[in-house]
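Have a look at the structure below, then the notes.
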Amino acid sequence: MAKHLLRMQHSYSRMKTLSSHIIPVTYLVLLVLLAGIIIGNIVLLQSCAPQTVTGVVLPHDEKLVIYASLVAGEPLQNVQVTRTLPPLDTFNVERSRIDNAEVSVSVDGQTYRLRLQTRVAPRTLADSLNFDLNNQPSLYEAPELIVQPAKTYTLRVVWNGKQASAITRIPATPELATQPPKVVWRAEPFRYVVNRPRTFPATGVVPSLLATVQIPLRARAGEAYRIETITAQDTISKRSTTSSISLNTNTLLMSSTSTLTLSANVRHFLQGDSIFRPPIFTLSTASTISIVRVVAHDAALRDFISTQARNTPNTNPFGNSGQNPSWNIQGDGIGLFIGQSRPLQVVLYP
């Protein structure tokens with residue numbers, strides 16, 4: 013019996029000694045694993061943090077950036093003149109501003125000197141939410157000059173040793189061709205789905221009218237045409253709606269023939285300006301008219317739009333084989349100096 017107790021005591025002593033070695037080893041393994049997790053998280057966080065590129069120099073040819081749309085019948089204003097920033101620099105509107113450029117526009121042998129426009133404060137509460145006085149590009153104006161159709165305007169910009177120029181002709185108001193405009197209305201319910209992350213999606217059906225519009229125009233050389241707006245109006249209540257979805261609008265069409273047809277499929281909701289608001293009025297085919305506004309542009313705008321989509325030749329209808337954007341600004345600048353006509357307003361009855 014004594015020998016048996018002695019063997020048990022000896023075995024217990026060996027187990028105690030063994031466990032005293034195992035426990036520190038286990039702690040060590042856990043500490044190594046914990047350290048690995050911490051280091052891994054640090055590396056992951058560093059990889060997600062913004063990286064600063066150093067030691068890299070990319071060539072930068074500073075350009076003037078000019079954009080202006082001269083609308084017939086309106087004062088000459090909002091001529092944007094800014095500059096490009098280095099490619100590795102963070103873009104900032106305030107840094108791109110040019111407040112001391114020499115900007116002039118010539119027409120009918122007379123030159124008008126443009127002056128810097130005052131920065132405009134927000135007019136509504138909604139506009140003031142994201143308003144930043146420093147987030148406005150530098151704009152120039154000559155409000156005494158009223159843009160006239162069928163006239164040619166020449167822009168000249170001089171700044172910091174750089175010069176840029178452009179020429180545009182203001183188109184006349186588009187003209188309808190002999191074929192009458194057409195509009196076809198049909199009732200077509202609109203199904204919507206609203207994503208609600210915490211619950212099931214909200215779905216519903218809203219009554220709507222689908223208007224198919226065709227506007228035949230007399231084509232003129234050097235011009236492009238587009239449907240600017242389509243609104244629906246109830247002739248009884250005299251109220252109109254902007255609640256529409258343009259499904260298939262042909263914009264900026266050009267043609268070498270004497271006529272072309274602008275077409276669009278536009279959906280008008282019967283419940284007013286929003287499918288989630290109470291009805292403003294009810295549209296019906298018996299008392300609803302369509303008001304279509306068509307404008308003409310300098311063809312240079314069409315050239316730009318058809319070339320700016322060079323990166324998506326297969327998915328963009330204006331895509332192409334890798335051509336650079338086509339600007340009409342010459343010299344040390346890029347951008348557009350475009351004329352726009354007064355709108356042609358066409359009233360269509362269902």
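With positions in the sequence shown counted from 1, the corresponding number in my numbering is that position plus 12.
From the three backbone atoms N, C-alpha and C, an ideal C-beta is built for every residue, glycine too.
No experiment lies behind these values; they were computed from the predicted model shown.
Bridge partners - residue i, DSSP secondary structure assignment
{"i": "Q357", "result": "R305"}
{"i": "A176", "result": "V169, G343"}
{"i": "S116", "result": "R125, R168"}
{"i": "N277", "result": "T224"}
{"i": "K194", "result": "Q226"}
{"i": "I78", "result": "V93, G347"}
{"i": "T271", "result": "R230"}
{"i": "Q352", "result": "V83, H309"}
{"i": "T300", "result": "D246"}
Cβ-based neighbour list, residue i, same chain, cut-off 6 Å, excluding 5 preceding and 5 following
{"i": "Q21", "result": "Caution is warranted here: a pLDDT of 46 is assigned to Q21, below 50, making its placement in the model unreliable, and the coordinate value is therefore given only provisionally. Contacts found: none."}
{"i": "Y361", "result": "I301"}
{"i": "I179", "result": "T166"}
{"i": "K194", "result": "Q226"}
{"i": "A162", "result": "A184"}
{"i": "A308", "result": "P183, P186, E235, Y237, S353"}
{"i": "W197", "result": "L221, A223, T297, P362"}
{"i": "E114", "result": "V170"}
Residues near residue i by beta carbon distance below 7 Å, same chain, minus five either side
{"i": "I110", "result": "V93, T94, R95, S150, W171"}
{"i": "Y124", "result": "S116, V117, A154, L157"}
{"i": "A176", "result": "L76, I78, V169, I341, Q342, G343, D344, G345"}
{"i": "G347", "result": "V77, I78, Y79, W339, I341"}
{"i": "L97", "result": "F103, R107, S108"}
Where residue i falls: helix, strand or coil (DSSP)
{"i": "T102", "result": "coil"}
{"i": "T224", "result": "strand"}
{"i": "I346", "result": "strand"}
{"i": "R314", "result": "helix"}
{"i": "T319", "result": "helix"}
{"i": "R107", "result": "helix"}
{"i": "I147", "result": "Position check: residue 147 holds Asn in this sequence, whereas Ile was assumed. If DSSP states are grouped into helix, strand and coil, N147 belongs with the helices."}
{"i": "D73", "result": "coil"}
{"i": "E86", "result": "coil"}
{"i": "E187", "result": "coil"}
{"i": "H33", "result": "A caution first: H33 carries a pLDDT of 49, below 50, which makes its placement in the model unreliable, though a value can still be read off. DSSP places H33 in helix when its eight states are reduced to three."}
{"i": "I248", "result": "coil"}
{"i": "I242", "result": "strand"}
{"i": "A154", "result": "strand"}
{"i": "R181", "result": "strand"}
Sequence-distant residues of its chain with Cβ nearer than 8 Å to residue i (five each side left out)
{"i": "V159", "result": "L82, V83, A84, G85, E86, P87, L88, Y165, I182, G351"}
{"i": "H33", "result": "Caution is warranted here: a pLDDT of 49 is assigned to H33, below 50, making its placement in the model unreliable, and the coordinate value is therefore given only provisionally. Here the set comprises nothing."}
Near the ligand SAH: residue i beta-carbon under 6 Å from a heavy atom
{"i": "V159", "result": "Ligands are entirely absent from the displayed structure, and the ligand SAH is therefore not among its contents."}
Can you confirm whether the stretch 220-231 touches the stretch 268-281 when touching is taken to mean that 3 or more C-beta pairs between the two stretches lie within less than 8 Å? Between the stretch 268-281 and the stretch 220-231 there are three or more C-beta pairs closer than 8 Å, enough to call the two in contact.
Would you be able to state if there are at least three C-beta pairs under 8 Å between the stretch 172-186 and the stretch 196-205? Short answer: they don't touch.
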